[in-house]
Amino acid sequence: PSEKGWLVSQMYQFQGRWHTQALLQGILKCQKHFEAQDSDIILVTNPKSGTTWLKALVFALINRHKLPVSSGKHPLLVTNPHLLVPFLEGVYYESPGFDFSALPSPRLMNTHISHLSLPESVKSSSCKIVYCCRNPKDMFVSLWHFGKKLAPEETADYPIEKAVEAFCEGKFIGGPFWDHVLEYWYTSRENPNKVLFVTYEDLKKQTGNEIKRIAEFLGCGFIGDEEVRDIVRLCSFESLSTLEVNREGKLPNGMETKAFFRKGEIGGWRDTLSESLAEQIDKTMEEKFQGSGLKFSC
Ligand code: A3P
Numbered sequence: 029p030s031e032k033g034w035l036v037s038q039m040y041q042f043q044g045r046w047h048t049q050a051l052l053q054g055i056l057k058c059q060k061h062f063e064a065q066d067s068d069i070i071l072v073t074n075p076k077s078g079t080t081w082l083k084a085l086v087f088a089l090i091n092r093h094k095l096p097v098s099s100g101k102h103p104l105l106v107t108n109p110h111l112l113v114p115f116l117e118g119v120y121y122e123s124p125g126f127d128f129s130a131l132p133s134p135r136l137m138n139t140h141i142s143h144l145s146l147p148e149s150v151k152s153s154s155c156k157i158v159y160c161c162r163n164p165k166d167m168f169v170s171l172w173h174f175g176k177k178l179a180p181e182e183t184a185d186y187p188i189e190k191a192v193e194a195f196c197e198g199k200f201i202g203g204p205f206w207d208h209v210l211e212y213w214y215t216s217r218e219n220p221n222k223v224l225f226v227t228y229e230d231l232k233k234q235t236g237n238e239i240k241r242i243a244e245f246l247g248c249g250f251i252g253d254e255e256v257r258d259i260v261r262l263c264s265f266e267s268l269s270t271l272e273v274n275r276e277g278k279l280p281n282g283m284e285t286k287a288f289f290r291k292g293e294i295g296g297w298r299d300t301l302s303e304s305l306a307e308q309i310d311k312t313m314e315e316k317f318q319g320s321g322l323k324f325s326c
């Protein structure tokens, strides 16, 4: 375990990655028990990189014939995306009796597990992975505020300078951040049928185009412009964050659903990070991503 954990709890290193105790237990069980099917769709993110949004978008996309968005009775209007799309290692940790085989096909799930630590069947089967990455400064700041909401007493005295330092040293849930991103980035280059790499920023700037790209990758068939527009609208920050279920709801683990909706912007880090802290992150990322072809425009 690390001497001082990232923000909210002590963290443990496993296969070169840092995890909270709870998530590590879930990952170990997942590695042992999860059997991927060829038709599975797995959404992979670092925490605070747009997981909730991606869950909503892909859920709406793959179910659009069964559950037309235009009907006005869509499940996303009354159910939080995290309850519609199970979180693999979270379920293994919190709900050991959960039956993954009972999920309708194609099964849609999400995880924060690094490529290195994925269950073997996820790599060997033909299941598809959609990886969503967010620029590190916004993601860091999002987690910083999330931690403050979730565990105010544990985070109150924790200086942001220390948190940035830990992040840049790689101590971050599922981190080092750059290893997590680069593994999926390179896999998406080597095997574009297996991993689709999208970014929060592209999703934000051109949501419709990105939905079409995801649809093509998943082999969802033709999707019309009107259907795309309906999905964009239904899953937008403005729409989801104002629904009662997301303002007032709770997840089975007691977490308030509103904690997953804060600002939903690009570049919001400027309100929280000083110039020198931002530079520290930029410098680290520049070094780590050098030669990879990956750049963050924020
Ligand atoms: P901010 O804290 O910067 O606002 P995750 O779902 O991975 O936990 O990520 C949460 C981040 O995604 C939060 O970022 C949240 O506001 C943002 N988010 C949630 N739903 C969104 C949506 N529909 N569109 C855009 N951003 C969204």
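Each residue of the sequence shown is one higher than the one before, counting from 29 in UniProt numbering. Idealized CB from N, CA, C, for every residue including glycine.
For Ile-294, which residues of its own chain have a beta-carbon under 7 Å away from its beta-carbon, when the five flanking residues on both sides are left out?
Once the five neighbours on either side are set aside, the close Cβ partners of Ile-294 are Asp-166, Glu-229, Lys-232, Cys-326.
Run through the DSSP bridge pairs and tell me what Cys-161 is partnered with.
Beta-bridge pairing by DSSP links Cys-161 to Thr-227.
Under a Cβ-count criterion, where at least 16 other Cβ atoms within 10 Å of its own Cβ denotes burial, should His-61 be classed as buried or exposed?
Exposed.
Considering only residues of the same chain and omitting the five flanking positions on each side of Ile-239, which have a CB-CB separation below 8 Å?
Within the same chain, Cβ atoms closer than 8 Å to the Cβ of Ile-239 are found at Leu-85, Leu-89, Ile-251, Val-256, Ile-259, Val-260, the five residues on either side in sequence being excluded.
Could you check if Arg-275 is buried or exposed, using at least 16 other CB atoms within 10 Å of its CB as the buried criterion?
The residue in question, Arg-275, is exposed, as its Cβ has fewer than 16 Cβ neighbours within 10 Å.
Is the beta carbon of Lys-151 closer than 7 Å to that of Ile-69?
A distance of 7 Å or more separates the beta carbons of Ile-69 and Lys-151.
With 16 other CB atoms within 10 Å as the buried threshold, where does Gly-319 fall?
Classification for Gly-319: exposed.
Beta-bridge partners of His-173, as assigned by DSSP
His-173 has no beta-bridge partner at all, per DSSP.
Please confirm whether any heavy atom of ligand 1 lies closer than 6 Å to the CB of Gly-78.
For ligand 1, a non-hydrogen atom lies closer than 6 Å to the CB of Gly-78.
Can Leu-89 be considered in contact with ligand 1, in the sense that its beta carbon sits closer than 6 Å to one or more heavy atoms?
Outside the cutoff, so no.
Ligand 1 heavy atom lying under 6 Å from the CB of Trp-81:
Checking the Cβ of Trp-81 against ligand 1 gives yes.
Kindly examine ligand 1 and report whether one of its heavy atoms sits closer than 6 Å to the Cβ of Leu-268.
Answer for Leu-268: yes, Cβ within range of ligand 1.
Under 7 Å, do Ser-153 and Ala-287 count as touching if we go by C-beta distance?
Against a cut-off of 7 Å, the Cβ pair of Ala-287 and Ser-153 comes out as no contact.
How close, in whole Å, do the beta carbons of Ile-55 and Glu-117 come, if the pair is a contact with beta carbons under 8 Å?
The beta-carbon distance between Ile-55 and Glu-117, rounded to whole angstroms, is 5 Å. This is short enough to meet the 8 Å contact definition.
First and last residue of the beta strand (DSSP E) that includes Met-137?
Its beta strand (DSSP E) spans residues 136-139.
Would the beta-carbon of Ser-142 be found less than 6 Å away from any heavy atom of ligand 2?
Questions concerning ligand 2 fall outside what the structure shown contains, since the ligands it does hold are ligand 1.
So Val-158 and Leu-224 are in contact, right, with Cβ under 8 Å, and what is the actual spacing, rounded?
Rounded to whole angstroms, the Cβ separation of Val-158 and Leu-224 is 5 Å, and the two are in contact under 8 Å.
Contact set for Ile-204: own chain, Cβ-Cβ below 7 Å, skip 5 residues either direction:
The sequence as given places Pro at residue 204; Ile does not occur at that position. Within the same chain, Pro-204 has close Cβ partners Gly-198.
Taking the alpha-carbon of Glu-122 as reference, which of Arg-298, Leu-301, Leu-279, Arg-290 has the nearest alpha-carbon?
Ranking the options by Cα distance to Glu-122, first place goes to Leu-279.
What would DSSP say about Trp-34, mapped onto helix, strand or coil?
Unreliable placement is indicated for Trp-34, whose pLDDT of 49 sits below 50; the coordinate value is still reported in the next sentence. Trp-34 falls in the coil class under three-state DSSP.
In whole angstroms, give me the CA-to-CA distance for Glu-182 and Lys-94.
Going by the C-alpha atoms only, they are around 44 Å apart.
Where Lys-156 sits in the DSSP three-state scheme
If DSSP states are grouped into helix, strand and coil, Lys-156 belongs with the strands.
Between Asn-138 and Phe-115, how many whole angstroms is the CB-CB distance? I'm expecting something under 8 Å.
The beta-carbon separation of Asn-138 and Phe-115, rounded to 6 Å, stays under the 8 Å limit for a contact.
Per DSSP, what kind of secondary structure is Met-283 in: helix, strand or coil?
Met-283 falls in the coil class under three-state DSSP.
CA-CA distance, Pro-132 and Phe-126?
Cα to Cα, Pro-132 sits roughly 14 Å from Phe-126.
Where His-143 falls: helix, strand or coil (DSSP)
Of the three classes helix, strand and coil, the one that applies to His-143 here is helix, per DSSP.
Three-state secondary structure assigned by DSSP to Thr-48
Of the three classes helix, strand and coil, the one that applies to Thr-48 here is strand, per DSSP.
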